[in-house]
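Enquirer:
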Amino acid sequence: MTVDLATLTRSRPGRPELADAGAISPEQARRIACDADVSRVVTSGPSLVLDLGRRTPVVPAGLRRALVVRDGGCAFPGCGRPPGWCDAHHVIHWADGGPTALSNLVLLCRPHHRMVHGRFGVRMEGGRPVFRRPDGTPLGPRAVRHATAPLEGRAPP
Numbered sequence: 004m005t006v007d008l009a010t011l012t013r014s015r016p017g018r019p020e021l022a023d024a025g026a027i028s029p030e031q032a033r034r035i036a037c038d039a040d041v042s043r044v045v046t047s048g049p050s051l052v053l054d055l056g057r058r059t060p061v062v063p064a065g066l067r068r069a070l071v072v073r074d075g076g077c078a079f080p081g082c083g084r085p086p087g088w089c090d091a092h093h094v095i096h097w098a099d100g101g102p103t104a105l106s107n108l109v110l111l112c113r114p115h116h117r118m119v120h121g122r123f124g125v126r127m128e129g130g131r132p133v134f135r136r137p138d139g140t141p142l143g144p145r146a147v148r149h150a151t152a153p154l155e156g157r158a159p160p
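Numbering-wise (my numbering), the sequence shown opens with residue 4 and increments by one.
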């Protein structure tokens, strides 16, 4: 579940979401939070950069949560796959010197992850991923908001 603190504390209405089910009411979010382990991801305007440098290519849980907050699911334009179906992809590959940092990571579902490792390209511009076709032309902006409908009966690819 993703919900801001102001919504949980009733100081400001917000729009909580469940990763694989979509928007829920603030009251539902408060009920879920009562029995949940709460993890904090602090954001201010554009998300603050989390950076683990070159120590490891593995994306730890806290950094993945920040990635889920920023991307909401597969970041490839037009894709609606939720975060649970996605891998964290190093834009500049770790083996090529890329850091394990929010500024160098993007969520991609398996099919789009394979495409980016193939001939499609991705780079970060203004803290957001921008995708390019094999000929170098940019793909359109991302138009999909993830988890807007239940995914009953659908399994991850």
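We put the CB at the ideal spot given by N, CA and C, even for glycine.
If distances are taken between C-alpha atoms only, which option among 66, 10, 84 comes closest to residue 25?
Expert: Per the Cα distances, 84.
Enquirer: What does the alpha-carbon distance come out to for the pair residue 76 and residue 35?
Expert: Going from the Cα of residue 76 to the Cα of residue 35 covers about 21 Å.
Enquirer: Opposite residue 133 in the DSSP bridges: which residues?
Expert: BP columns for residue 133 point to 126.
Enquirer: Tell me, which residues are paired with residue 109 by DSSP?
Expert: In DSSP, residue 109 forms a bridge with 92.
Enquirer: Please say whether residue 110 and residue 141 have beta carbons closer to each other than 8 Å?
Expert: Contact: no.
Enquirer: Have a look at residue 20 and residue 11 and give me their C-alpha separation to the nearest angstrom.
Expert: Cα to Cα, the separation comes out at about 12 Å.
Enquirer: Which of the three DSSP states, helix, strand or coil, is assigned to residue 150?
Expert: Per-residue confidence for residue 150 stands at a pLDDT of 46, beneath the threshold of 50, marking its modelled position as unreliable; the derived number appears in the next sentence. Residue 150 falls in the coil class under three-state DSSP.
Enquirer: Which class does residue 25 belong to by DSSP, given the choice of helix, strand or coil?
Expert: Residue 25 falls in the strand class under three-state DSSP.
Enquirer: Sort 128, 120, 88 by Cα distance to residue 106 and report the nearest one.
Expert: Considering only alpha carbons, the answer is 128.
Enquirer: Select from 91, 132, 74 the residue whose C-alpha is nearest the C-alpha of residue 113.
Expert: Closest by alpha carbon: 91.
Enquirer: Can you name the start and end residues of the alpha helix (DSSP H) that residue 65 belongs to?
Expert: Residue 65 -> alpha helix (DSSP H) spans 64-74.
Enquirer: Would you say residue 132 and residue 78 are within 8 Å of each other, going by their C-beta atoms?
Expert: Going by C-beta atoms, residue 132 is nearer than 8 Å to residue 78.
Enquirer: Just to check my reading of the structure: residue 60 and residue 97 have Cβ atoms closer than 8 Å, yes? What is that Cβ distance to the nearest angstrom?
Expert: Yes, residue 60 and residue 97 are in contact; Cβ-Cβ is about 4 Å, under 8 Å.
Enquirer: On a Cα-Cα basis, can you pick out the residue from 94, 115, 122, 123 that is closest to residue 88?
Expert: The shortest Cα separation from residue 88 among 94, 115, 122, 123 belongs to 115.
Enquirer: If we ignore side chains and look at the alpha-carbon of each, how far apart do residue 32 and residue 143 end up?
Expert: So the alpha carbons of these two residues sit roughly 33 Å apart.
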